[in-house]
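Residue numbers (my numbering), protein chains in the order written: chain A, 37 to 112; chain B, 2 to 358. Where a beta carbon is used, it is the ideal one built from N, C-alpha and C, also for glycine. Okay, structure first, notes after.
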């Protein structure tokens with residue numbers, strides 16, 4: 037139920053947008069988010085519920101690595 | 002593409018957890034999608050090996066919907082009202098059969114993938130009810146169609162639940178040891194981090210909002226373990242690429258405009274104060290419980306517990322599916338005894354799908 041997947045906005049027409057889910061394009065309601073064409077959004081039950089922060093996404097990976105490298109150096 | 006499934010990192014996390022020398026740690030999550038990741042990728046077993054036991058709480062919307070609510074929807078369907086519903090709800094058994102049984106007998110029950118699909122059905126059917134289930138991730142999508150001038154023949158039977166009050170109930174009942182909480186990323190996408198504060202401040206429980214890729218879940222567990230080792234109890238956010246601390250204010254405003262919290266039962270729980278969302282009086286003309294009050298009043302009164310089914314205990318995190326004697330024997334996805342075996346987010350269904358032959 038709370039499954040939600042990322043997709044990329046191709047075009048917007050009022051409350052609805054065409055969203056690319058890795059090749060499959062579906063209509064998605066974007067009334068809950070402030071987005072433009074090219075944004076990545078998280079979609080649940082036909083609605084975009086949030087914009088994916090690409091910088092945060094890259095930083096998350098970086099943080100994981102740093103956190104683990106730090107852990108292997110200092111005994112907990 | 003991002004590397005959310007890198008095995009080398011997964012191994013490092015497990016070794017870091019092993020070095021923490023944890024014993025008998027119990028971490029609860031409340032989301033079927035987390036359970037799916039934990040079981041599908043064998044993370045649950047890896048964590049057990051380093052002293053961490055994961056328990057699934059009441060994180061399956063289909064599962065926490067009561068037998069009474071399903072019976073009311075079946076009664077409406079049998080009276081000639083078109084019921085639109087998410088597919089997982091279709092085969093939930095009740096003493097008067099399931100929605101699928103009602104459909105087989107001629108009732109108009111249609112599976113939809115969104116609230117907007119239900120609106121489309123209302124354009125070619127006479128009387129349409131959307132049986133709306135789901136937590137805060139889903140309830141704004143119901144609110145959105147109600148705020149967008151829905152057709153007169155469309156109404157909503159709200160079975161929407163609010164997650165944090167169920168956690169209050171679990172702690173209050175005290176049946177299960179909870180050393181840490183994995184909070185559901187997509188509920189937090191809507192409600193933000195603040196509604197979880199009280200469990201850390203008042204009960205000193207470490208919490209981390211987690212994403213759903215295997216490494217998301219593993220790092221989330223690692224962050225909780227680190228809090229435990231360091232004696233901290235805070236709300237941290239592993240899923241920061243999607244979850245903002247304030248949540249989604251547009252969705253929250255939609256929720257507040259349309260719904261208000263009421264006290265109702267959840268499956269496996271007593272009445273949870275403020276744990277269910279009902280339509281505000283302004284939306285009475287689209288509230289199926291008001292529009293079809295007389296038909297719903299005729300719904301048979303049924304027992305909540307389904308004989309031999311231990312879904313209630315599953316939802317409170319007391320047992321695992323393997324502890325139920327019916328699991329995989331008299332209860333399978335083809336012949337489910339209860340919703341935990343029906344829903345793809347139910348603990349029993351997930352264990353059954355990924356079981357080792």
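Who are the neighbours of residue i on chain A, taking C-beta pairs under 8 Å?
{"i": "residue 252 (chain B)", "result": "68 and 85"}
Within 10 Å of its beta-carbon, does residue i have 16 or more other beta-carbons around it, so buried, or fewer, so exposed?
{"i": "residue 86 (chain A)", "result": "buried"}
{"i": "residue 89 (chain B)", "result": "buried"}
{"i": "residue 3 (chain B)", "result": "In this prediction, residue 3 (chain B) scores a pLDDT of 43, lower than 50, which makes its location untrustworthy; no coordinate-derived value is stated."}
{"i": "residue 56 (chain A)", "result": "exposed"}
{"i": "residue 173 (chain B)", "result": "exposed"}
{"i": "residue 36 (chain B)", "result": "buried"}
{"i": "residue 168 (chain B)", "result": "buried"}
{"i": "residue 98 (chain A)", "result": "exposed"}
{"i": "residue 59 (chain B)", "result": "buried"}
{"i": "residue 258 (chain B)", "result": "exposed"}
{"i": "residue 295 (chain B)", "result": "exposed"}
{"i": "residue 13 (chain B)", "result": "buried"}
{"i": "residue 202 (chain B)", "result": "exposed"}
{"i": "residue 114 (chain B)", "result": "exposed"}
{"i": "residue 176 (chain B)", "result": "exposed"}
{"i": "residue 162 (chain B)", "result": "buried"}
{"i": "residue 105 (chain B)", "result": "exposed"}
{"i": "residue 313 (chain B)", "result": "buried"}
{"i": "residue 1 (chain B)", "result": "Residue 1 (chain B) cannot be examined here, being either before or after the span of chain B that is shown, 2 to 358."}
{"i": "residue 84 (chain A)", "result": "buried"}
Name the chain B residues that come within less than 7 Å of residue i, Cβ to Cβ?
{"i": "residue 88 (chain A)", "result": "242 and 243"}
{"i": "residue 48 (chain A)", "result": "Result: empty, since nearest Cβ-Cβ is about 15 Å, beyond 7 Å."}
{"i": "residue 78 (chain A)", "result": "190 and 243"}
Listing by chain order, which chain B residues have their CB less than 8 Å from the CB of residue i?
{"i": "residue 82 (chain A)", "result": "114, 115, 116, 117, 118 and 142"}
{"i": "residue 40 (chain A)", "result": "138, 187 and 190"}
Please tell me whether residue i has its Cβ less than 8 Å away from any Cβ of chain A.
{"i": "residue 133 (chain B)", "result": "no"}
{"i": "residue 339 (chain B)", "result": "no"}
{"i": "residue 168 (chain B)", "result": "no"}
{"i": "residue 80 (chain B)", "result": "no"}
{"i": "residue 220 (chain B)", "result": "yes"}
{"i": "residue 123 (chain B)", "result": "no"}
{"i": "residue 249 (chain B)", "result": "yes"}
{"i": "residue 13 (chain B)", "result": "yes"}
{"i": "residue 145 (chain B)", "result": "yes"}
{"i": "residue 343 (chain B)", "result": "no"}
{"i": "residue 216 (chain B)", "result": "yes"}
{"i": "residue 83 (chain B)", "result": "no"}
{"i": "residue 10 (chain B)", "result": "yes"}
{"i": "residue 17 (chain B)", "result": "yes"}
{"i": "residue 349 (chain B)", "result": "no"}
Identify the residues that DSSP records as bridge partners of residue i: which are they?
{"i": "residue 42 (chain A)", "result": "A:78"}
{"i": "residue 162 (chain B)", "result": "B:277"}
{"i": "residue 49 (chain A)", "result": "A:52"}
{"i": "residue 238 (chain B)", "result": "B:210"}
{"i": "residue 29 (chain B)", "result": "B:56 and B:182"}
{"i": "residue 262 (chain B)", "result": "B:278"}
{"i": "residue 132 (chain B)", "result": "B:158"}
{"i": "residue 65 (chain A)", "result": "A:52 and A:83"}
Cβ-heavy atom distance between residue i and the ligand HEM below 7 Å?
{"i": "residue 252 (chain B)", "result": "As for the ligand HEM, it is missing from this structure, which has no ligand bound."}
Closer than 8 Å, Cβ to Cβ, to anything on chain A: give me those residues from the region 94-113 of chain B, in chain order. none
Mind checking the region 93-104 of chain A against chain B and listing, in chain order, the residues whose C-beta falls within less than 7 Å of any C-beta there? 93, 96, 97, 100 and 104
Pull out every residue of the region 25-42 of chain B whose Cβ sits closer than 7 Å to any Cβ of chain A, in chain order. 32, 33 and 34
What residues in the region 148-160 of chain B bring their beta carbon closer than 7 Å to a beta carbon of chain A? none
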